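Below: one structure, written as structure tokens.
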Amino acid sequence: MKHFMAVIGLAAMLSACGSTVKLDNVPVEDRSGVSTGASSGSASDVGKADGSAVGKGTVASVNLNKSAQDASMQGTTRVVYFDYDSFVIRSEFQSVIEAHAKYLAADKSRKVAIEGHTDERGGREYNLALGQKRSEAVRKALSLLGVSEAQLEAVSFGKEKPAVLGSTEAAMEKNRRAEISYR
Amino acid sequence: MHASACAQFRVEVSGVGLTQIPVAMAAFKGEETSIQKISAIVQADLERSGQFRGVDATGITLDENSRPDFSSWRQKNADALLAGSVSRLADGRFDVRMHLWDVVRGQDLGSQSKAVVQADLRLAAHEIADYVYEKLTGDKGVFSTRISYVTKRGQNFNLWVADADGDNAQSALSSSEPIISPAWSPNSKQLAYVSFEARKPTIYVHEVASGKRRLVANFKGSNSAPAWSPDGKTLAITLSRDGGSQLNLLDLSVVGSEPRRIAQSGSIDTEPVFTADGRTVYFVSDRGGSPQIYRVGLTGGNPERVTFTGSYNISPSLSPDGRWLAYISRVSGAFKLHVMELSSGSTNAITDTIADERPSFAPNSRMLIYATQQLGKEALMISTVDGKIKARLAGQTGDIREPNWGPFQK
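Residue numbers (my numbering), protein chains in the order written: chain R, 1454 to 1636; chain X, 714 to 1123.
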């Protein structure tokens, strides 16, 4: 009988165990580069335009879609691929890094997350650390080209977000990458 | 193995030359009208441990008040006999009673009685299995403990809490972004884990009974690999905010406390795990050029390398009794679960699979749970420390990974 009271207490605890937390409504970062917060300055300009002396038919165009402002970046890839077990940015991607660096250095209001990824081999946490080495290689390269550290955050998804499913070498090549994600 | 019909771990591999204690388990009186077949749950628990085998007791009517004929059970080669009953009380709860005998010595090994709500009948059965296990082996049973793991179905990730036999699984968290590295708090009430819901890895502490979540690490860069100190007051975590993946200690008793770095290096340091005395942290580092397991004292001193064989040794797990280190080693391109006896350094690979991940010891140090792949599908396995008995968690569809075995229920 010694556990009698303890078991009743446990019963009360367990009866509340069904509470599932759902995160399906968590806002997901929009990769198109839409950023309403950064455009609030432009929004106030609308009011100014309304009370100014310009003609009544004048329309001040406010574009909340930052990606439209990123027109110069549209043709530029956001993905840098890496060799197996490597964190060295291949020379073919130097122009990609330079294009992003030029854009970011010119607009200090823009921030990017550099997301490192690995292929599926090995442990999840160790791959997270390997993905971090890739994202930090890109972060350092951007920083060396004059981008402020305040604009950059290097993070890792390890092997959790493969670009391509499958265990073929072709799939794994596509997964060893760092993605430059405008926020 | 009729008993495993209600359990979700299916025993798949049996060792040879094992000493298994033969136990006769009579059907509990009244269990035919109970929604849980107590004797079957107890038998499945004991057989899954690899240390017991059931002796046929079908058709025999016994309960906790019986005076069994020991000689007839000895003739059936039973060493022990379990009997009991389940009856409904006036308040709707169930009175579960048991009695255990050593039939070789003709000894009474004691009896227990518990009143439980219907939802806890399984737990009552697991506690009976724990009682039998402890009386017959001298070690504490782990059948009433809980496990946690993660499933992925399409783009939906769930963090689950289940009984140690895999049954009674309940979702603690559902997310459209990955969840990894769940770790039970020492008081078995909370899980720390890494969630990618903010499109980067951050660490939460989640109270299982209420679903209340606390974001404890959201520093610039990646936040990962939470491990609890034995007193539950500190998390060892991996942060990249200073550049690279580095170990830090985070005081949980102070909201917003500043993490303190340990084992600093210019290399990857990650996957920390505390020793039972809380004085040492084992971790993975590539400071020597390849990922190896190291240990460092928290009161000072240089990290000391622990693994020397192979070029990829990760995911350390310590048995609570301090005797064993389990880890994953890459051998000829295959990722295999290894167990090292720390006193001698002798090491064994204990699986036939090639994509083993993230071992975690049962709180009695006798068994392990780990993730692997079978026929191209993710699977969770439990194994004895010597690898001779294994069972696979069945019943969950989709990918299943990141197991963690919880502590003894307090």
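Even glycine gets a Cβ: it sits at the ideal position worked out from N, Cα and C. Owing to the predicted nature of the structure, the values given are computational and were not obtained by experimental measurement.
| Item | Value |
| --- | --- |
| What are the start and end residues of each continuous alpha helix (DSSP H) run of 4 or more residues lying completely inside the region 1527-1611 of chain R, in chain order? | 1547-1559 and 1577-1597 |
| Let's see if you can read the secondary structure: which residues bound the beta strand (DSSP E) around X/Val768? | Phe765 to Val768 |
| Assuming X/Ile860 contacts X/Asn1117 (C-beta within less than 8 Å), just tell me the rounded distance between them. | 7 Å |
| Just how far apart, CA to CA, sit X/Val997 and X/Gln1005? | 6 Å |
| Tell me whether the beta-carbon of X/Asn931 lies closer than 8 Å to the beta-carbon of X/Thr951. | no |
| Between the C-alpha atoms of X/Pro1076 and X/Val1044, what's the straight-line distance to the nearest angstrom? | 28 Å |
| Between which two residues does the alpha helix (DSSP H) holding X/Lys902 run? | No alpha helix (DSSP H) holds X/Lys902; DSSP gives it neither H nor E. |
| Sort out for me which residues DSSP pairs X/Arg787 with in a bridge. | DSSP, once it has assigned bridges, lists no residue as partnering X/Arg787. |
| So what does DSSP say about X/Ile754, is it helix, strand or coil? | helix |
| Is there a C-beta anywhere in chain R that falls below 8 Å from the one on X/Phe741? | no |
| Run through the region 967-1040 of chain X for me and flag every whole alpha helix (DSSP H) of 4 or more residues, listed as ranges in chain order. | none |
| Is R/Gly1576 close to chain X? Criterion is C-beta to C-beta, closer than 8 Å. | yes |
| Given this structure, state the Cα-to-Cα distance separating X/Tyr844 from X/Thr993, to the nearest angstrom. | 33 Å |
| Among X/Gly956, X/Val817, X/Ser1032 and X/Gln883, whose alpha-carbon lies nearest the alpha-carbon of X/Val986? | X/Ser1032 |
| Would X/Arg1071 count as contacting chain R if we go by Cβ distances under 8 Å? | yes |
| When DSSP builds the beta bridges, which residues end up paired with X/Val907? | X/Ile893 and X/Ile916 |
| Within the same chain, show all residues whose beta-carbon is closer than 7 Å to that of X/Lys933, passing over the 5 residues directly before and after it, in chain order. | Arg954 |
| Considering only C-alpha positions, which residue in the set X/Ser889, X/Asn869, X/Asn871 and X/Tyr862 is nearest to X/Gly879? | X/Tyr862 |
| Beta carbon of X/Leu928: closer than 7 Å to some heavy atom of the ligand HEM? | Ligands in the displayed structure: none, and consequently the ligand HEM is not present. |
| Tell me, please, whether the region 755-770 of chain X touches the region 1097-1106 of chain X by the rule of three or more beta-carbon pairs shorter than 8 Å. | yes |
| Just list the residues that DSSP pairs X/Gly797 with in beta bridges. | X/Met811 |
| Give, in chain order, every residue of the region 1027-1052 of chain X whose Cβ lies closer than 8 Å to some Cβ of chain R. | Ile1027, Ser1028, Ile1041, Arg1043 and Phe1048 |
| Between X/Ser779 and X/Pro735, what straight-line distance do the alpha-carbon atoms span, to the nearest angstrom? | 20 Å |
| Please classify R/Ile1633: is it buried, with 16 or more other beta-carbons within 10 angstroms of its beta-carbon, or exposed? | buried |
| Does R/Ala1607 have its Cβ less than 8 Å from a Cβ in chain X? | yes |
| Specify, as a first and last residue, the run of the beta strand (DSSP E) that X/Lys1090 falls within. | Lys1090 to Thr1097 |
| Three-state secondary structure (DSSP) at R/Lys1627? | helix |
| Strictly below 7 Å CB to CB, what residues from chain R border X/Gly934? | Glu1606, Ala1607 and Val1608 |
| State yes or no: is the beta carbon of X/Lys853 nearer than 8 Å to at least one beta carbon in chain R? | no |
| Mind checking which residues open and close the alpha helix (DSSP H) that includes X/Ala842? | Leu834 to Thr850 |
| In angstroms, rounded to a whole number, what distance separates the CA positions of X/Gly743 and X/Ser800? | 6 Å |
| Is the beta carbon of X/Val855 sitting closer than 8 Å to the one on X/Met1080? | yes |
| Any idea what DSSP makes of X/Thr732, helix, strand or coil? | coil |
| Chain X partners of R/Glu1613, CB-CB under 8 Å? | Pro891, Ile893 and Phe909 |
| Taking CB distances under 8 Å as the criterion, tell me whether X/Val997 reaches chain R. | yes |
| Using the Cα positions of X/Val829 and X/Val809, report the straight-line distance between them to the nearest angstrom. | 8 Å |
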